[in-house]
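So the protein lines, in turn, are chains A and B.
Sequential numbering from 1 applies to the first sequence in our numbering.
Sequential numbering from 1 applies to the second sequence in our numbering.
Here's the structure we're looking at; comments come further down.
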Amino acid sequence: MGAATRDAFGEAIARVGEDPRVIVLTGDLRDSTRTEAFAERYPDRFLECGIAESNMIGIASGLALEGKVPWACSFSCFVTGRFETVRLSVAYQEANVRIVGTHSGVGVGEDGYSQMSLEDIAMIRALPNVSVINPADAVETERAVEYLLDHRGPAFLRLTRQGVEDVNDDGYRFEFGKAVTLLEGSDVALVATGAPVGEAVKAAEALEDDGVSTTVLNVHTITPIDEPAVRMAAARHRAVITIEDHSVHGGLGGAVAEVLAAGNGSAAPLHRIGMRSFGESGSPAELYAKFGLDAVGIARTAREVLKARS
Amino acid sequence: MAVDTEREALIERLTGTARELRILDLEMIIEAGSGHPGGTLSAADMIAALYFHTLRLRPEEPRWPDRDRFVLSKGHCIPIVYAAMAMGGFFPKEELKSLRDLGSPLQGHPDRTRLPGIEASTGSLGQGLSVAVGMAVAGALDGAAWRVYCMMGDGEQQAGQIWEAAMFAGRRGLDNLCGILDANQVQQTGKVAERLDIEPVVAKWRSFNWHVREIDGHDMAQILDALDEAALVTGRPSLIVSRTVKGKGVSWMELDPAWHGKAPEGEMAERALAELRGERSG
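And the structure:
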């Protein structure tokens with residue numbers, strides 16, 4: 001198991017923090033959001049906002065309007081949960097704010113549903129001009145942070161509490177809005193985002209052993225979605241399966257469904273793996289197994305979908 | 001003596017400006033056929049003092065880096081600011097007629113992306129002060145000389161985010177920030193005291209480490225004194241609690257919640273404008 005993407009974020013933000021435009025804000029979560037190194041290195045540009053996330057997001061907006069590059073960091077459910085402030089003070093104003101949500105998905109584990117964000121992608125994706133990046137592993141997170149330093153416009157960076165499988169090599173280059181083909185096959189396309197990408201890769205290996213030729217597409221940028229890559233996946237496979245540690249409504253599955261429903265000339269069916277209920281306490285591994293997000297669950301679903309298709 | 005005379009002249013000039021702003025404001029709301037006259041009329045005197053005396057602005061260069069920032073947190077009252085901007089030369093007065101029209105930069109609530117000179121897009125009550133605080137933090141970090149002003153409503157004091165921002169700014173001692181509370185006593189559906197009383201609001205802000213001055217918000221001398229004083233306070237943000245009358249200037253609008261969010265029409269519109277112009281109302 002590789003590092004948690006929040007750990008990679010913490011290292012990267014301390015590094016890019018050298019840029020004097022960078023301001024980091026947290027709501028009493030400098031430890032959990034891994035922003036302590038930045039806070040120690042640049043205390044003047046670290047703003048402790050207390051447990052008051054609406055105000056934190058508004059302050060970030062004001063900073064952005066003055067040319068700073070603020071990163072408002074908290075558990076994803078607490079920052080995106082202040083949706084109305086994100087909507088008006090960030091998105092509508094085109095404020096150059098980075099909303100950083102750690103502890104996304106059921107991967108949070110034992111703390112249970114109240115700390116898990118299963119709706120954050122859907123909410124933010126409804127805003128016209130906010131980019132959504134949900135990295136699959138540590139190196140992708142570091143490259144995404146470096147990219148976001150000079151990105152123009154509001155962005156939401158969605159991170160994990162738990163360790164995730166490394167799926168990219170060290171020389172990985174991040175291309176905003178461009179999905180990454182990790183494995184190329186012809187029977188089924190596993191279109192995944194965030195922590196489950198590593199599970200999808202393992203599932204693909206198991207499926208290959210069964211003679212199922214499998215593609216794994218890592219969609220790290222959900223807004224804007226890589227439409228050509230999604231259409232290609234549907235055109236070249238017998239089935240498309242989306243996988244996300246998030247509600248099946250409005251997240252990656254929703255985005256892919258929208259692209260495919262708009263017409264791609266392909267009859268490949270779409271199946272969405274993700275959350276259809278609230279989360280609960282348990283270890284991340286147990287929860288991924290329970291909700292079919294682990295390699296075993298993904299492979300099982302893929303076999304069922306292909307069987308129904310044949 | 002010379003100083004006194006100068007001050008008197010300033011007070012007289014700004015009082016006249018406020019009167020003109022009220023007329024422009026109501027004319028554009030009548031033309032638009034919708035809007036929020038009550039809270040614009042209560043704020044007119046303070047807006048006149050800000051835009052024509054206190055704020056360092058360059059209308060021909062709205063993004064001038066050294067300008068003072070003004071955030072209207074009670075965004076529904078933006079027509080009175082549009083009036084001041086037009087009178088000050090940010091855009092031609094003729095454009096005021098496009099208020100709330102499709103494609104107009106004069107949106108029903110302020111939109112910074114459409115109208116240069118608007119510092120923040122607001123309209124969801126409770127959010128503007130946080131944005132102003134962010135601007136003040138940026139200014140303080142950069143050692144900038146410009147100041148940030150933020151006008152709120154009294155009904156808006158009911159919003160929790162206001163107090164999050166108040167706590168943060170007070171804690172950090174942001175003395176480049178001046179809040180203005182247009183305490184016009186009335187919110188959409190009734191008296192503030194009857195919906196969710198905010199008093200004692202002066203004591204609340206003082207306890208959050210703000211320097212607070214309470215004034216009659218229709219007395220230009222008191223407005224100027226309070227704005228001057230706020231600029232001199234160090235180590236703490238300032239708040240001016242401006243006690244005003246919603247609908248000020250149109251007798252039958254005053255303190256009547258019915259005129260929170262409705263434009264007068266026909267004969268009512270003519271009577272309102274006549275009163276503001278000092279003509280005998282018909």
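Glycine included, every Cβ here is placed at the ideal spot set by N, Cα and C.
Check whether the Cβ atoms of residue i and residue j lie closer than 9 Å to each other.
| i | j | result |
| --- | --- | --- |
| Thr85(A) | Gln127(B) | yes |
| Leu293(A) | Val188(A) | no |
| Val167(A) | Val145(A) | no |
| Pro135(A) | Thr5(A) | yes |
| Ala263(B) | Gly35(B) | yes |
| Leu273(B) | Ile23(B) | yes |
| Thr221(A) | Glu184(A) | no |
| Val148(B) | Gly139(B) | yes |
| Ser247(A) | Arg161(A) | no |
| Gly153(A) | Asn218(A) | no |
| Arg15(A) | Ser104(A) | no |
| Glu244(A) | Gly274(A) | yes |
| Tyr82(B) | Leu106(B) | yes |
| Glu156(B) | Lys74(B) | yes |
| Leu149(A) | Val69(A) | yes |
| Gly109(A) | Ser76(A) | no |
Shorter than 9 Å from the beta carbon of residue i to some beta carbon of chain B?
| i | result |
| --- | --- |
| Cys77(A) | no |
| Leu127(A) | no |
| Gly50(A) | yes |
| Asp44(A) | yes |
| Gly17(A) | no |
| Lys68(A) | yes |
| Gly251(A) | no |
| Ala155(A) | no |
| Ile23(A) | yes |
| Arg300(A) | no |
| Leu47(A) | yes |
| Ile13(A) | no |
Beta-carbon of residue i versus every beta-carbon of chain A: anything under 9 Å?
| i | result |
| --- | --- |
| Gly173(B) | no |
| Gly134(B) | yes |
| Gly139(B) | yes |
| Val131(B) | yes |
| Glu156(B) | no |
| Ser281(B) | With a pLDDT of 47 at Ser281(B), under the threshold of 50, the modelled position of that residue is not reliable, and no figure is offered here. |
| Ala165(B) | yes |
| Phe168(B) | yes |
| Gly179(B) | no |
| Gln127(B) | yes |
| Gly33(B) | no |
| Gln188(B) | no |
| Gly160(B) | yes |
| Asp182(B) | no |
| Asp142(B) | yes |
Would you kindly report the start and end of the unbroken alpha helix (DSSP H) that includes residue i?
| i | result |
| --- | --- |
| Ala231(B) | Met220 to Leu232 |
| Ser207(B) | Val201 to Ser207 |
| Arg7(B) | Ala2 to Ala32 |
| Ser54(A) | Glu53 to Leu65 |
| Met116(A) | Taken as a continuous stretch (DSSP letters only), Met116(A) belongs to no alpha helix (DSSP H), as it is neither H nor E. |
| Thr40(B) | Pro37 to Ala49 |
| Ala144(A) | Ala138 to Asp150 |
| Thr86(B) | Sequence check: residue 86(B) is Ala here, not Thr. Ile78 to Gly88 is the extent of the alpha helix (DSSP H) around Ala86(B). |
Hey, could you find the ends of the beta strand (DSSP E) residue i is sitting in?
| i | result |
| --- | --- |
| Glu244(A) | Ala239 to Ser247 |
| Pro70(A) | Val69 to Phe75 |
| Phe168(B) | Not the beta strand (DSSP E): Phe168(B) falls in the alpha helix (DSSP H), residues Gly160 to Arg172. |
| Asp182(B) | Leu177 to Ala183 |
| Phe46(A) | Phe46 to Glu48 |
Throw me the rounded Cβ distance for the residue i and residue j pair, which I believe falls under 8 Å.
| i | j | result |
| --- | --- | --- |
| Ala43(B) | Ile80(B) | 5 Å |
| Gly2(A) | Val164(A) | 6 Å |
| Gly173(B) | Met152(B) | That pair is no contact at about 20 Å. |
| Leu52(A) | Phe46(A) | Here residue 52(A) turns out to be Ala, not Leu, going by the sequence shown. That belief does not hold up - the Cβ atoms of Ala52(A) and Phe46(A) are roughly 16 Å apart, past 8 Å. |
| Thr141(A) | Ala8(A) | 4 Å |
| Asn176(B) | Asp154(B) | That pair is no contact at about 24 Å. |
Give, in chain order, every residue of the region 79-90 of chain A whose Cβ lies closer than 7 Å to some Cβ of chain B.
If you check each beta-carbon in the region 79-90 of chain A against every beta-carbon of chain B, the ones closer than 7 Å belong to Glu84, Thr85, Leu88 and Ser89.
Relative to chain A, which residues along the region 95-125 of chain B have a C-beta separation below 8 Å, given in chain order?
Residues passing the 8 Å Cβ filter: Asp111, Arg112, Thr113, Glu119, Ala120, Ser121, Thr122, Gly123 and Ser124.
Residues in the region 131-143 of chain A with C-beta within 9 Å of chain B's C-beta atoms, listed in sequence order?
Residues passing the 9 Å Cβ filter: none.
Closer than 8 Å, Cβ to any Cβ of chain A: which residues of the region 250-276 of chain B, in chain order?
Shown here is that no member of the region 250-276 of chain B has a Cβ falling below 8 Å from a Cβ of chain A.
What residues from the region 88-117 of chain A come within 9 Å of chain B, judged by C-beta to C-beta, listed N to C?
So the list reads Leu88, Ser89, Tyr92, Gln93, Glu94 and Ala95, given in the order they occur along the chain.
Against chain B, which members of the region 51-66 of chain A pass a CB distance test of less than 7 Å?
Of all residues in the region 51-66 of chain A, Ala52, Ser54, Asn55, Gly58, Ile59, Ala60, Ser61, Gly62, Leu63, Leu65 and Glu66 have a Cβ within less than 7 Å of some Cβ in chain B.
For the region 55-86 of chain B, enumerate the residues whose C-beta is nearer than 7 Å to any C-beta of chain A, in chain order.
Against chain A - using a Cβ distance shorter than 7 Å - the region 55-86 of chain B contributes no residues.
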